[in-house]
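Here's the structure we're looking at; comments come further down.
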């Protein structure tokens with residue numbers, strides 16, 4: 001009986017052991033990775049110059065994401081998973097003189113598909129007075145120079161720096177930081193961005209930094225124009241203005257404010273002149289305001305015509321300010337018979353900009369300038 005049981009038990013043990021060996025080999029066999037699959041419903045989308053919205057479909061077998069490298073194209077959603085997903089493409093209005101194009105990339109791991117976005121050029125109104133021709137301009141299209149240096153500052157612009165209050169008790173420090181973190185002036189997407197920052201650690205005693213840029217050239221008379229989107233929020237004070245090349249004393253030597261904009265008063269722009277006889281310190285300033293729609297969300301054109309007879313301020317071709325030469329040959333009332341240069345700056349706070357305080361939640365905040373142009377009358 002013992003021998004019989006032995007022969008019965010041994011085969012069972014052998015069978016159990018072999019079964020265990022077979023399972024072990026199957027568990028150690030690596031699973032084959034699923035190959036990525038990604039298709040788009042189309043390879044391009046075309047838009048006219050107006051704000052627009054279209055969709056395309058992403059079909060993938062894994063998680064994917066989509067990326068736009070320009071600020072005028074917005075995508076929603078920006079990521080998805082297995083299956084088909086409709087992606088909404090929204091483009092901002094193209095108010096430039098050129099058509100524009102960009103590629104967006106949809107990616108599944110290392111697999112990439114491109115979709116081209118094209119937009120037609122916008123209608124560009126011409127507000128330049130008849131008989132005037134372009135003599136100087138900066139379109140802010142050059143993002144990098146051939147030698148690898150930053151395009152700002154250059155021979156056209158120089159930075160005015162410091163934190164001495166600038167005559168208006170302004171708390172910001174104007175710096176010339178054009179690269180890296182807390183950049184205050186940079187060119188991107190064909191625009192100049194002047195950016196004000198609220199600092200975690202004060203710089204030279206200032207909690208805020210920004211930029212104040214001046215042209216190297218100066219002009220006697222002309223039509224001066226800027227296209228820009230203005231910064232919003234309590235505490236901002238953006239300006240496009242002019243000062244005399246041979247400045248010695250304010251306000252005797254004069255000041256021309258083509259545009260000033262304070263963030264606590266949305267959609268109201270202002271033009272002013274300052275002289276010894278007419279200035280805000282003695283409440284005789286010559287100034288005017290104009291309401292516009294979307295000063296902070298759309299680009300508007302700010303212009304000023306300066307002749308030997310008068311100074312006229314415009315927004316989008318609408319005249320809203322005028323100051324005439326009294327012809328008395330008196331510098332106290334008309335110091336505007338000498339060359340002036342252009343200034344661009346974004347102040348924070350101060351006697352006017354900070355009249356209702358500073359909202360620290362708005363930072364960083366941008367003053368975005370498409371171009372600055374100078375025209376003079378043909379002889």
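Numbering (UniProt numbering), first residue to last: 1 to 379. Heads up, the beta-carbon is just placed ideally off N, CA and C, and yes, glycines get one too. These numbers were taken from a predicted model, which means no experiment stands behind them.
- Around the beta carbon of residue 75, 16 or more other beta carbons lie within 10 angstroms, which makes this residue buried.
- By a beta-carbon distance limit of 8 angstroms, residue 258 contacts residue 302. Their separation comes to about 6 angstroms.
- Under the DSSP assignment, residue 352 falls in the alpha helix (DSSP H) whose first and last residues are 350 to 353.
- Excluding sequence positions up to five before and after residue 182, its CB lies within less than 6 angstroms of the CB of 197, all in the same chain and listed in chain order.
- Residue burial is scored here from C-beta neighbours: residue 112 has fewer than 16 other C-beta atoms within 10 angstroms and is therefore classed as exposed.
- Contact annotation: the segment 81 to 96 touches the segment 54 to 72, with at least three C-beta pairs closer than 8 angstroms.
- Taking a C-beta distance under 8 angstroms as the contact criterion, residue 222 and residue 341 do not qualify as a contact pair.
- Contact between residue 243 and residue 369 fails: their C-beta atoms lie close to 18 angstroms from each other, not under 8 angstroms.
- In this structure residue 202 is exposed. Its beta-carbon is surrounded by fewer than 16 other beta-carbon atoms within 10 angstroms.
- With a cutoff of 8 angstroms on beta-carbon distance, residue 157 and residue 214 are scored as near each other.
- Look at residue 62 here: in three-state DSSP terms it is coil, with no helix or strand label.
- Exclusion of the five residues before and after residue 178 leaves 150, 152, 153, 184, 185 and 186 as the residues of its chain whose Cβ lies within less than 8 angstroms of its Cβ.
- Put simply, of 297, 379, 322 and 367 the residue whose alpha carbon is nearest the alpha carbon of residue 92 is 297.
- Residue state for residue 207 is assigned as strand, using DSSP reduced to three classes.
- About 15 angstroms separates the beta carbons of residue 377 and residue 127, which is beyond the 8 angstroms limit, so they are not a contact pair.
- In this chain, the beta strand (DSSP E) harbouring residue 303 covers 300 to 306.
- In the three-state scheme derived from DSSP, where H, G and I count as helix and E and B as strand, residue 362 is classed as helix.
- By alpha-carbon distance to residue 346, the top candidate from 50, 212 and 161 is 212.
- With a beta-carbon spacing of about 15 angstroms, residue 255 and residue 237 fall beyond the 8 angstroms limit used to define contacts.
- Residue nearest to residue 90 within the set 81, 82, 77 and 99 is 77 (criterion: CA-CA distance).
- Taking the CA atoms as reference points, residue 62 sits about 28 angstroms from residue 118.
- Assigned with DSSP and collapsed to three states, residue 198 falls in strand.
- Here residue 70 is near residue 189, since their CB atoms are less than 8 angstroms apart.
- One thing to note: residue 317 has its Cβ within 8 angstroms of the Cβ of residue 125.
- Bridge partners of residue 241 according to DSSP: 257 and 343.
- Per DSSP, the unbroken beta strand (DSSP E) holding residue 322 starts and ends at 318 to 324.
- With a beta-carbon spacing of about 5 angstroms, residue 333 and residue 277 fall inside the 8 angstroms limit used to define contacts.
- For residue 80, the closest alpha carbon among the candidates 311, 162 and 107 is that of 107.
- In the DSSP assignment, residue 40 forms a beta bridge with 58.
- Across the structure, residue 379 and residue 293 are spaced so that their CA atoms are roughly 37 angstroms apart.
- The C-beta distance from residue 235 to residue 165 rounds to 15 angstroms, too long to meet the 8 angstroms contact threshold.
- Here DSSP, grouped into helix, strand and coil, assigns residue 227 to strand.
- Residue 271 sits close to residue 313, with the two beta carbons spaced by under 8 angstroms.
- In this model, residue 220 and residue 325 are separated by some 15 angstroms (Cα to Cα).
- Taking all protein chains shown into account, residue 263 has 16 or more neighbouring C-beta atoms within 10 Å of its C-beta and is therefore buried.
- According to DSSP, residue 268 shares a beta bridge with 291.
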